[in-house]
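Student: Using full-length UniProt numbering, the letters of the sequence shown correspond one by one to residues 1 to 112.
Cβ coordinates follow ideal geometry from the N, Cα and C atoms, glycine included.
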Amino acid sequence: SAASSSGSSRWPDAVKIQRWIGWALKSGGREMNIQQQAGWASMGLLAKAMSEHKQEFGINSAAQLQELLRDTDEDGRFEVDDRGRIRKVERGQRQPRSGDGCGGGASGSGGG
Numbered sequence: 001s002a003a004s005s006s007g008s009s010r011w012p013d014a015v016k017i018q019r020w021i022g023w024a025l026k027s028g029g030r031e032m033n034i035q036q037q038a039g040w041a042s043m044g045l046l047a048k049a050m051s052e053h054k055q056e057f058g059i060n061s062a063a064q065l066q067e068l069l070r071d072t073d074e075d076g077r078f079e080v081d082d083r084g085r086i087r088k089v090e091r092g093q094r095q096p097r098s099g100d101g102c103g104g105g106a107s108g109s110g111g112g
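1. Under three-state DSSP, which class holds W40?
2. In the structure shown, what three-state DSSP assignment does E90 receive?
3. On the DSSP bridge list, what partners appear for V80?
4. Starting from the Cα of A24, find the closest Cα among Q36, D13, T72 and give me that residue.
5. Suppose the cutoff is 7 Å on Cβ atoms and the five residues either side in sequence are ignored; what does the same chain contact list for I21 look like?
6. Does DSSP classify I21 as helix, strand or coil?
7. Buried or exposed: residue 135, going by 16 or more other Cβ atoms within 10 Å of its Cβ?
8. At the level of alpha carbons, what is the spacing between residue 121 and D71?
9. Could you give the residue range of the alpha helix (DSSP H) that holds D75?
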């Protein structure tokens, strides 16, 4: 079976969804009761809001949301942690997910 390089066939609305997530994380979260800590928001809450406000996206769970991002977020726009949270990555700090995954991760630059 030929695996397509991008998950766009499975997620026709991927770009729209990513834009919506970006908006929700930036300003829409307050409207939809998505609490954030230092920019991190629960994927469960995000998925719940999506299923309520954007049924056409067809995403009803954090697992689906994570799958979508894994398949389509090639630019590294979003970061997901092991606690099931997501945040938007500033353009200058993105690490595109190329095959070799050896980015010198500058971790914890203070602040906060």
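Tutor: Per the coordinate set shown:
1. By one-based count along the sequence shown, residue 40 stands at place 40. Strand.
2. Along the sequence shown, read from residue 1 onward, the residue named residue 90 stands at position 90. Here E90 sits in coil by DSSP.
3. Walking along the sequence shown from the start, residue 80 turns up at place 80. In the DSSP output, where bridge partners are listed per residue, V80 has I86.
4. As a working mapping, residue 24 is identified with position 24 in the sequence shown. Ranking the options by Cα distance to A24, first place goes to Q36.
5. Working through the sequence shown from its first residue, we reach residue 21 at position 21. Excluding sequence neighbours, I21 sits near L46, F78.
6. Against the sequence shown, residue 21 aligns to sequence position 21. The answer is helix: DSSP assigns I21 an H, G or I state.
7. Outside the shown range of the chain, which is 1 to 112, sits residue 135, and nothing can be said about it.
8. This structure does not reach residue 121, given that the chain is present from 1 up to 112, and the question cannot be answered.
9. The residue you call residue 75 lines up with position 75 of the sequence shown. Here D75 belongs to no alpha helix (DSSP H), and DSSP marks it neither H nor E.
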